[in-house]
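In full-length UniProt numbering, the protein residues as written are 1 to 232.
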C-alpha cells in the first residue's frame with residue numbers, strides 16, 4: 001500500500017493512502033475536537049467541530065472525512081479554526097442543554113467559549129419521553145449528531161427505529177409517526193444510549209438514581225412500571 005507524507009501542525013507524518021486527516025492527527029497524538037464522529041460508525045460530518053485549515057483550500061475542511069494528500073500542510077488549531085469551533089459551540093449552547101456533555105465542557109475551556117454569547121437565541125423545546133422500561137429520551141439535550149440513528153440503522157443494529165422528523169430549526173430525532181418506543185422496531189439493545197454524547201438518551205436506572213430515587217425505591221418503581229404495562 002502506498003504511503004503519503006504530509007505535515008500537521010508543523011510535524012511530518014507518513015500514513016497509508018486513504019487515511020483521514022483525523023486519523024493522521026491521532027497518529028501524531030494531536031487531538032481534534034469532535035462530537036458527531038464515532039470510531040465505529042460512518043462519519044456523518046454534521047457537527048463541523050473537527051474542521052481544520054488545509055493550506056490552499058478555500059474553506060475549512062472536516063477532518064473526519066477529508067483524506068490526506070501528498071505534501072498537504074494542515075493546521076488543526078489556527079486562529080481561524082479555533083474561531084469557527086468556538087462559534088459552533090456558542091451557537092449550540094444557545095439552543096440546547098449541554099449540561100451533561102463532558103466533551104463540550106472540556107472544549108469550552110480549551111477554546112474560551114462564551115456560553116452566553118447568544119443567550120437571546122431560541123431554545124429547542126422538545127417533549128421528555130419515558131415510554132419504555134429501559135431508557136428515557138430528553139431531546140432538549142439533543143444536538144442532532146446522528147449517532148443514535150446510525151447505531152439503530154446501518155452501522156450497528158439494522159432495526160431503524162429512529163429517524164429524523166421536522167425541518168430546519170424544528171428538525172428532531174423521532175420514531176416513525178412518533179409512535180411510543182415499544183410500538184416501533186426497537187429491540188432495546190442500548191446501542192443508541194451507548195453512543196449518545198449529550199445525555200439525551202439515558203438508561204432508566206441511571207436517570208431515576210440521578211433524580212434521587214433510592215435503590216429500594218428504584219426496584220419498587222420498576223415493579224410498578226412492569227405491572228402497569230401488563231395491565232395495558
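Using N, Cα and C, we set each Cβ at its ideal position, and we do this for glycine too. Remember, it's a predicted structure, so these values are computed and weren't measured experimentally.
DSSP three-state assignment for residue 99, whether helix, strand or coil: coil
Inter-stretch contact at 8 Å, needing at least 3 Cβ pairs: the segment 151-171 / the segment 34-54: yes
CA nearest to the CA of residue 71, picked from 105, 59, 14 and 220: 14
Among 74, 67, 47 and 100, nearest to residue 86 - alpha-carbon criterion: 47
Cutoff 6 Å; reference residue 244; Cβ partners in own chain excluding five residues on either side: A question about residue 244 goes unanswered here, because the residues of the chain that appear run from 1 up to 232.
Limits of the alpha helix (DSSP H) - the one that residue 137 falls within: First-last for residue 137: 135-138, but that is the beta strand (DSSP E), not the alpha helix (DSSP H).
Residue 24: first and last residue of the uninterrupted alpha helix (DSSP H) it sits in: 21-27
Cβ separation of residue 143 and residue 111, assumed to be a contact under 8 Å, to the nearest whole Å: 16 Å between Cβ atoms; not a contact.
Backbone secondary structure at residue 3 - three-state DSSP: strand
Inter-residue Cα distance where the pair is residue 233 and residue 178: Since the first and last residues shown for the chain are 1 and 232, residue 233 lies out of range.
Spatial distance of residue 24 from residue 43 (CA atoms): 16 Å
Residues that DSSP places opposite residue 160 in a beta bridge: Paired residue(s): none; residue 160 is not in a bridge.
Whether residue 21 touches residue 52 by CB criterion (8 Å): yes
Rounded Cβ spacing between residue 224 and residue 133 (contact assumed at less than 8 Å): Their Cβ separation, rounded to whole angstroms, is 11 Å, which puts residue 224 and residue 133 out of contact at 8 Å.
Which listed residue (9, 34 and 120) has its alpha carbon closest to that of residue 79: 9
Integer-rounded CB distance, given that residue 68 should sit under 8 Å from residue 19: 5 Å
Euclidean distance between Cα positions of residue 131 and residue 137: 9 Å
Three-state secondary structure (DSSP) of residue 165: strand
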